[in-house]
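In the numbering used here, the protein residues as written are 8 to 327. Backbone N, C-alpha and C fix where the C-beta goes; we use that ideal spot for every residue, glycine too. These numbers come from a predicted model, not from an experiment.
What follows is the structure, given as C-alpha cells:
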C-alpha cells in the first residue's frame with residue numbers, strides 16, 4: 008500500500024475522544040458520498056463528535072439541508088462523474104460511500120454502484136484516505152431455505168442487480184491504496200423515521216399484500232446502521248478489512264411482522280397473494296429469498312450492538 012504522512016490511529020483515537028481536540032491537527036475529516044437517508048444522520052453524529060464532514064449528493068434540496076447541519080463542504084454532483092474530484096478542499100482521513108441507486112433499473116445500479124465506486128476510487132487514489140467504508144446490501148445472499156448465513160455464505164447464483172453490487176464490493180476490496188482498512192457493510196432492509204413501508208401499507212388500509220409472506224425479513228434501523236458505520240471507523244485500523252453484515256440479527260417471518268403491526272393498530276390483518284409481485288420480487292426474478300442473516304462477525308469485531316435489536320422495539324415508536 009502507498010504511504011502517507013497521517014497517523015493510522017487518528018480516526019479511531021479522535022472518535023473515541025483520545026486525541027487532544029484543542030490541537031487543530033488532531034481534528035479528522037470524513038467524506039460521505041451519497042449523503043442521503045443514512046448519510047445525513049451519519050453526518051450529524053460525526054459533527055457532534057467534532058469531526059469535520061464533507062458530503063456529496065445529487066439532490067439540491069438535500070444539499071441545503073446538509074449545509075444547515077454545519078458541514079464544512081457540500082458538493083452537488085453525480086458520484087460517477089469526475090467533476091467533483093478537484094473541488095474538495097479538506098484532507099479526508101475516512102470515506103463512507105453510502106450512495107443509493109440512481110433509478111432506472113440495471114442502468115441505475117451500474118451508474119450509482121459500479122461507476123460511482125470507480126470514480127470514488129480514482130479520487131481516493133490521489134487523496135489517500137486512511138479508511139474507506141462502502142454500504143452494500145444483504146440482498147446479495149440468494150439462500151432460500153430459512154437457514155442462517157454469514158459473510159462466508161455463497162452469493163451464487165446472483166441476480167443481475169446483486170452482480171453489480173458484488174462488483175462494486177470487489178472493486179473496493181481489491182484496491183491497495185487505503186491505510187487503515189477497506190470495509191464492506193452489507194446492510195439489511197433499512198427502516199426508521201419516515202421509512203416504515205409495512206406500517207404505511209397497513210395504516211393505509213391495504214388488505215392484500217404481494218407474495219406469500221413466508222420469508223424472513225432481515226432489518227436494520229437507520230440509527231443502528233449509522234452506529235455500525237461509526238463503530239467501524241472507531242475500530243480502524245485494528246479491524247480486519249473485509250465484509251461485515253450490518254443487520255439487527257433477529258429476523259422475523261414477514262407474515263408474523265404484518266400480524267403484529269395489525270394487532271398493534273387494532274385493524275384487520277391483511278392477507279397475502281402469491282400471484283402479486285412487489286418491485287423487489289421482480290428484481291429478484293419473481294421470488295423473495297428466505298435466509299436469516301447473522302451479525303455476529305461485526306458484533307465480535309467491534310463494540311457495536313443494536314439499539315433496536317428487533318422490529319418490535321424499532322416499530323413501537325412509530326406506532327405510538
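Exercise for review: Hey, could you find the ends of the alpha helix (DSSP H) residue 87 is sitting in?
Suggested key: Where residue 87 is concerned, there is no enclosing alpha helix (DSSP H), given that its DSSP letter is neither H nor E.
query: Just curious, the alpha helix (DSSP H) that residue 48 is in, first and last residue?
result: 44-55
Three CB pairs or more closer than 8 Å across the stretch 258-272 and the stretch 230-249:
no
### Query
Which ranges would you report for the alpha helix (DSSP H) in the stretch 243-286 if only whole runs of at least 4 residues count?
261-272
For residue 141, write down the residues that DSSP places opposite it in a beta bridge. 104, 191
Review point. Helix or strand or just coil, what does DSSP make of residue 173?
Key: helix
So residue 64 is in the beta strand (DSSP E); what residue range does that whole segment cover?
59-64
For chain B, check one thing: does any of its Cβ atoms lie closer than 8 Å to the Cβ of residue 124? Checking the listed chains, one finds no chain B in this structure; it contains a single protein chain.
Handout entry: DSSP three-state assignment for residue 125, whether helix, strand or coil
Key = helix
Could you spell out where the beta strand (DSSP E) holding residue 37 opens and where it closes? 36-40
Check your understanding: Using the C-alpha atoms, what's the distance from residue 272 back to residue 210?
Key -> 8 Å
Q) Taking the alpha-carbon positions, what's the residue 76 to residue 157 distance? A) 36 Å
Note to self: Please identify the residue among 56, 299, 63, 121 whose C-alpha is closest to the C-alpha of residue 221.
What the structure shows: 299
Does the count of Cβ pairs from the stretch 242-257 and the stretch 147-166 closer than 8 Å reach three? yes
When DSSP builds the beta bridges, which residues end up paired with residue 226? 196
| Just checking my contact of residue 226 with residue 198 at CB under 8 Å: how many whole Å lie between their CB atoms? | 6 Å
Taking Cβ positions, are residue 219 and residue 277 nearer each other than 8 Å?
no
Proximity winner among 37, 206, 20, relative to residue 97 (alpha-carbon distances)
37
*List the whole-angstrom C-beta distance separating residue 268 from residue 206, where the pair is believed to meet the contact cut-off of C-beta under 8 Å.*
6 Å
Would DSSP call residue 130 helix, strand or coil?
helix
Taking one C-beta from the stretch 117-137 and one from the stretch 162-182 each time, how about it: are there three or more such pairs within less than 8 Å? yes
query: I think residue 150 touches residue 296, with their Cβ atoms under 8 Å apart; what is that distance to the nearest whole Å?
result: 6 Å
_If contacts are defined as beta-carbon pairs under 8 Å, then residue 254 and residue 145 qualify, I think. What distance do you get, rounded to the angstrom?_
6 Å
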